[in-house]
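Residue numbers (the UniProt record's numbering): 1 to 928.
Note that CB positions come from ideal geometry on N, CA and C, so glycine has one too.
Below is one structure, written out as structure tokens; comments come after it.
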Ligand code: SF4
Ligand code: SF4
Ligand code: SF4
Ligand code: FES
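Structure representation (structure tokens):
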């Protein structure tokens with residue numbers, strides 16, 4: 001693909017009305033509101049420009065884009081002038097050419113003449129424009145006042161700022177404000193003294209900057225430029241692929257020199273991100289070539305033995321033989337595996353098929369068990385589909401936005417930028433979270449209501465909101481009558497209307513003043529299009545599924561399902577957690593969420609897979625651990641997950657892993673789980689994969705290889721080879737072949753293929769005969785299950801209660817710069833922002849314990865203890881402490897419990913009773 005995509009100068013307009021203009025003799029029709037510059041570009045006429053770019057609103061500062069318009073005086077800027085019916089424009093004549101040359105002369109008189117050694121050489125818009133206007137001389141010379149001696153700011157690990165090259169076009173300032181929504185930059189000074197400044201901070205690193213890279217991308221010169229480009233030079237080809245971090249699923253362009261990534265740039269065509277990215281996708285890809293990366297298979301007899309490097313053939317034969325030996329000794333159901341939500345759909349499909357058809361049982365589960373399994377369950381019960389209802393751009397039409405148990409600016413940053421933009425445009429915002437997340441108050445965004453509830457009281461909160469909707473007559477009766485099961489609705493309405501569910505009655509439970517709950521409920525029910533976005537703060541509870549159903553009930557009762565701007569939107573954690581669920585990773589479901597117990601479904605798979613399949617649902621992850629400790633589950637394949645670190649109650653998990661006869665781990669790095677493994681199989685990074693990821697809006701995106709697998713094998717080839725060696729032949733030629741099989745056996749993927757995705761960019765499932773172009777918004781004409789199903793949501797307090805010994809509640813979350821257990825991000829310069837996990841504690845609780853900011857503290861629960869550094873902050877309320885789990889040394893999951901969601905066993909990570917005290921032993925935390 002080409003390296004630079006065409007820049008139309010100003011954003012597209014989508015007004016239905018069309019306007020006809022003539023530009024240099026060409027007549028073109030464009031939507032009203034389109035700029036003259038964009039209309040010209042659409043007609044193939046590129047007007048010189050510097051301060052304009054098509055992902056930012058026009059600014060009109062550089063005066064390079066001047067045109068003449070018949071009947072109008074002067075030479076207006078084409079970027080800020082909208083087209084008008086019948087307008088006739090001239091973009092080039094001797095007068096305009098002279099004016100443009102004059103502008104360029106002024107710019108160049110204050111610019112270093114170092115083009116040959118400049119890192120942007122070949123990718124510099126200033127250089128291009130000097131060529132475009134035919135600049136041949138600079139009448140003012142170079143000896144006057146200039147900025148050439150100014151010092152560079154190299155504080156950010158990924159990009160630098162060289163003020164000597166700045167033309168003060170303000171594209172960076174506008175990108176930070178309009179696209180990212182951080183408002184970290186400003187133009188300080190006036191006229192010749194104008195400078196770009198990171199607020200009042202001395203440098204970028206010390207500022208509010210979150211290193212998203214939007215300013216770097218917007219900069220037309222080498223002023224803001226990636227350090228990797230400075231180091232390596234300009235890329236020579238690009239591969240369009242998908243970010244391997246969070247569930248937003250940003251489309252990125254890997255810009256390459258041969259097999260070396262020079263930089264990763266967000267793709268303007270990306271359906272999920274429309275040209276934006278965050279610090280992880282944009283910059284944190286260095287882990288793929290980190291020295292810790294394992295590239296060869298290794299085996300050992302005992303976990304205390306040293307590893308022995310072997311060839312792939314030996315590793316595969318050994319793995320197959322040992323799995324069969326375990327089955328011969330302990331029975332066919334004594335082995336199983338876990339699929340990875342970081343892998344492609346094709347790899348996941350291959351692993352679950354290896355287990356179901358090769359191992360001959362359904363002992364397959366996925367890390368989605370520990371994050372969003374309640375979403376799958378709850379939305380299937382209520383609406384009939386285990387997925388969110390909207391696409392991301394739906395938020396552009398929302399009037400009221402509820403964010404519950406999610407921290408989008410940290411976990412789903414590119415979506416957060418979109419959401420913040422909508423709030424800046426006037427949408428109302430309700431945050432339901434124990435912690436004052438950034439959205440509660442950040443530049444130009446503040447929540448209208450922050451319902452700061454006690455951890456573990458989500459169901460009570462949802463019931464209180466529903467109580468207000470029902471008892472104050474705010475139900476959308478038409479919607480409910482037409483779309484929902486009337487008997488279930490009546491039952492639910494009677495249930496939530498009970499006094500015990502009123503905000504007043506529940507005030508002592510949730511800790512939130514009833515008046516705020518009432519106001520927020522009224523706003524949600526009557527404020528126009530209302531959308532709910534939620535995350536792991538909803539699902540990772542003992543009543544995670546109940547809260548999801550409560551949210552779904554609320555949306556139905558208020559008619560907020562089935563159109564743009566509304567809906568129930570789970571913000572998925574890992575890049576392919578939606579895909580791993582879709583691909584049949586749960587022990588009771590084949591791909592497309594069809595029950596293994598269903599004879600007709602099983603028969604279909606038996607025909608395609610050519611073998612009889614087990615009708616009995618297999619073990620969930622916690623059951624695998626329990627049965628391992630009871631001696632019934634003895635062999636396991638762990639695909640791309642570090643369960644020893646990411647699953648709750650670490651001591652229990654490691655005891656179970658130790659009890660296995662045979663453990664195989666496939667990963668990029670020798671992770672914590674690999675310490676208990678007998679075989680280690682190296683995995684491929686996203687830069688080597690050839691497949692698809694499915695993001696939180698059900699969007700199937702292509703993952704294209706920027707290089708061949710560094711291990712020599714694709715991961716799906718490994719699964720296929722193990723199954724084949726175990727006596728069940730699995731043969732594919734490519735990832736495209738696997739997708740063809742997925743499409744054959746999965747109705748919601750019927751029209752999906754690599755060819756199709758390469759043509760259209762991405763597709764949102766279901767892709768069926770009825771919806772051949774996919775389904776951005778679900779349940780438009782009716783719920784997938786038929787009538788919407790209201791489910792009663794009785795609040796049952798968690799058994800994890802505070803006591804005299806454990807008086808505080810620990811809740812956990814993420815930080816922007818790190819990802820999950822940190823295996824990838826800790827191996828990048830992202831450690832500059834988060835070298836260690838810290839414990840947030842309220843000043844009052846800290847004072848009671850004699851804790852000062854930065855002290856090492858002991859964090860103890862009924863399960864175990866760890867130590868970490870304290871940060872005193874009012875972000876958490878009194879009685880609640882908070883930490884992240886990105887660094888293995890912290891061992892945050894040593895303290896979390898075995899409690900889990902009643903329906904899905906999703907662990908209750910978000911509520912652990914703890915005590916915090918000054919630590920006696922201080923350990924040193926070192927970033928890898
Ligand atoms: S840093 Fe780049 S984008 Fe920002 S004002 Fe200077 S030249 Fe323009
Ligand atoms: S990197 Fe992003 S947050 Fe930082 S200044 Fe640039 S646009 Fe703003
Ligand atoms: S981590 Fe998420 S938001 Fe950031 S670039 Fe990747 S997909 Fe986009
Ligand atoms: S591009 Fe129009 S004024 Fe700069």
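In the DSSP assignment, residue 539 falls within the alpha helix (DSSP H) that extends over 536 to 539. In this chain, the alpha helix (DSSP H) harbouring residue 132 covers 125 to 132.
Counting only heavy atoms of ligand 4, the residues whose C-beta sits closer than 5 Å to one of them are, along the chain, 49, 51, 52, 60, 62, 65, 77 and 79. With a beta-carbon spacing of about 4 Å, residue 592 and residue 746 fall inside the 8 Å limit used to define contacts. The shortest C-alpha to C-alpha distance from residue 464 to any of 645, 551 and 126 is the one to 551. Beta-bridge analysis with DSSP links residue 636 to 336 and 663. The beta carbon of residue 216 sits closer than 8 Å to at least one heavy atom of ligand 2. Setting aside the 5 residues that flank it on each side, residue 674 is surrounded in the same chain by 665, 667 and 680, each with a C-beta closer than 7 Å to its C-beta; the list follows chain order. At least one heavy atom of ligand 3 lies less than 8 Å from the C-beta of residue 243. With a cutoff of 9 Å on beta-carbon distance, residue 784 and residue 376 are scored as not near each other.
Excluding its 5 nearest sequence neighbours in each direction, residue 862 has C-beta neighbours in its own chain below 8 Å: 806, 897 and 913, listed in chain order. Under DSSP, residue 237 shares a beta bridge with 256.
Counted as a single uninterrupted DSSP element, the beta strand (DSSP E) harbouring residue 432 occupies residues 428 to 432.
Going by DSSP, residue 570 is part of the beta strand (DSSP E) stretching over 567 to 570.
Ranked by Cα distance from residue 299, the options 314, 285 and 286 are led by 314. In the structure shown, residue 707 falls within a coil segment according to DSSP collapsed to helix, strand and coil. Put simply, the backbone Cα of residue 288 is about 8 Å away from that of residue 687. Counting every other CB atom within 10 Å of its CB across the protein chains shown gives residue 173 a total of 16 or more, marking it as buried. Between ligand 1 and the CB of residue 182, the shortest heavy atom gap is not smaller than 8 Å.
Counting the other Cβ atoms within 10 Å of the Cβ of residue 267 gives 16 or more, which makes it buried. Secondary structure at residue 495: helix, using DSSP grouped into helix, strand and coil.
For residue 154, the Cβ stays outside the 8 Å cut-off from all heavy atoms of ligand 1.
In this structure, DSSP gives residue 87 a state outside helix and strand, which the three-state scheme calls coil. Per DSSP, the beta-bridge partners of residue 261 are 256. Boundaries of the beta strand (DSSP E) around residue 882: 880 to 884. Under the DSSP assignment, residue 759 falls in the alpha helix (DSSP H) whose first and last residues are 754 to 760. At a Cβ-Cβ threshold of 9 Å, residue 547 and residue 793 count as neighbours. Boundaries of the alpha helix (DSSP H) harbouring residue 524: 514 to 526, taken from the DSSP string. For residue 31, the enclosing beta strand (DSSP E) covers residues 26 to 31. Three or more Cβ pairs drawn from the stretch 561 to 580 and the stretch 391 to 400 lie within less than 8 Å of each other, which places the two stretches in contact.
In the three-state reduction of the DSSP assignment, residue 783 falls in the strand class, which pools E and B. Following the DSSP letters along the chain, one finds residue 365 inside the beta strand (DSSP E) bounded by residues 364 to 366. By the criterion of a C-beta distance shorter than 7 Å, residue 259 is surrounded in its chain by 707, once the five residues flanking it on both sides are discounted. A distance of 9 Å or more separates the beta carbons of residue 112 and residue 32. If you check the CB distance, residue 439 and residue 420 come in under 9 Å. Non-local C-beta neighbours of residue 8 in its own chain, meaning closer than 6 Å and more than five positions away in sequence, comprise 38, 41 and 54, ordered along the chain.
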